[in-house]
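Peer 1:
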Amino acid sequence: MSAASAACIFCKIVKGELPCFKLYESERVLAFLDIMPLSRGHAVSYALFAVISSSLDWDYSHSLHLVIPKFHGVKLTDIPDEDLTELLPVAKKIAIASGAVDFNILQNNGRPAHQIVDHVHVHMIPKPNEKEGLTIGWPNAEADKEELKKLWEELKSKM
Numbered sequence: 001m002s003a004a005s006a007a008c009i010f011c012k013i014v015k016g017e018l019p020c021f022k023l024y025e026s027e028r029v030l031a032f033l034d035i036m037p038l039s040r041g042h043a044v045s046y047a048l049f050a051v052i053s054s055s056l057d058w059d060y061s062h063s064l065h066l067v068i069p070k071f072h073g074v075k076l077t078d079i080p081d082e083d084l085t086e087l088l089p090v091a092k093k094i095a096i097a098s099g100a101v102d103f104n105i106l107q108n109n110g111r112p113a114h115q116i117v118d119h120v121h122v123h124m125i126p127k128p129n130e131k132e133g134l135t136i137g138w139p140n141a142e143a144d145k146e147e148l149k150k151l152w153e154e155l156k157s158k159m
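Oh and the sequence shown: position 72 is 72 in UniProt numbering, straight run, nothing missing.
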C-alpha cells in the first residue's frame, strides 16, 4: 500500500476505517452519500465528515452521491480500465433510485478542474431546480475551423 493510499480518505472508507452512508458496493466500486451535498441526493465524496447521526431527518433523494473505484488513483488516467467499468452503470442506478429527473454526472481531475479528494470519484448530482445542484457557466466561443481540424487530427493520431 502506498503512503498516498494509506492517507486517502476514500481508501479509509473502502477499508472500513471511516463510516459512510453506503449505497452500493461490489468488488471494484463503492457508492455513498456526499456529506457536503450541492443538492439533496448527492452521493458522498467528502466522507471524513460522514460521522453523522443516523437520526437525522433528511430526504436523500436530492443529495449528491459518489461512486469510487476501490483501486486508488488520483486521476481517471491512473485507473486501470477494468476498475472503471462499473462507475457509470452504478451512477445510473443511483440516479434511477433517487428519482432525480434532472441531474449531472461529474468527474474532476486535478485541482484546476476542482478535484478536492485525491481519489477518482464520480458525482451523481440531482438538479431539482435552478438554485440547487451544480451550477455551470460554459464560456461560449466559436471554434476556428482550421484549429479544430488540427486538434482533431492530433487526437485521432494518438487514439
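Glycine included, C-beta positions come from ideal geometry on N, C-alpha and C.
Quick one: Cα of Cys-11 to Cα of Glu-82, how far?
Peer 2: Translated into the one-based positions of the sequence shown, residue 11 becomes position 11. Translated into the one-based positions of the sequence shown, residue 82 becomes position 82. Looking at the two C-alpha atoms, the distance is approximately 18 Å.
Peer 1: Is it the case that the region 139-148 contacts the region 116-127, given that we only count it when at least three CB pairs across the two stretches are under 8 Å?
Peer 2: As far as the Cβ criterion goes, the region 116-127 does not touch the region 139-148, which means the pair count is below three.
Peer 1: Lys-93 lies in the alpha helix (DSSP H); which residues open and close that run?
Peer 2: Translated into the one-based positions of the sequence shown, residue 93 becomes position 93. Counting along the chain, the alpha helix (DSSP H) containing Lys-93 begins and ends at 87-98.
Peer 1: Drop a sphere of 10 angstroms on the beta-carbon of Val-101, count the other beta-carbons inside from all chains shown, and report buried for 16 or more, exposed for fewer.
Peer 2: Along the sequence shown, one-based indexing puts residue 101 at 101. So Val-101 ends up on the exposed side.
Peer 1: In the structure shown, what three-state DSSP assignment does Val-101 receive?
Peer 2: Taking the first residue of the sequence shown as 1, we reach residue 101 at position 101. Three-state result, Val-101: coil.
Peer 1: For Glu-86 and Tyr-24, I'd like the C-alpha separation in whole angstroms.
Peer 2: For the purposes of this step, residue 86 is taken as residue 86 along the sequence shown, with counting starting at 1. For the purposes of this step, residue 24 is taken as residue 24 along the sequence shown, with counting starting at 1. Their backbone Cα atoms lie some 11 Å apart in a straight line.
Peer 1: Go to Ala-31, then tell me how far its beta strand (DSSP E) extends in each direction, as first and last residue.
Peer 2: Your numbering for residue 31 matches position 31 in the sequence shown. First-last of the beta strand (DSSP E) with Ala-31: 29-33.
Peer 1: Would DSSP call Lys-70 helix, strand or coil?
Peer 2: Looking up residue 70 in the sequence shown gives position 70. Here Lys-70 sits in coil by DSSP.
Peer 1: Look up Pro-112 in the DSSP assignment and say whether it is helix, strand or coil.
Peer 2: Here residue 112 corresponds to residue number 112 of the sequence shown, with the count starting at 1. It is helical.
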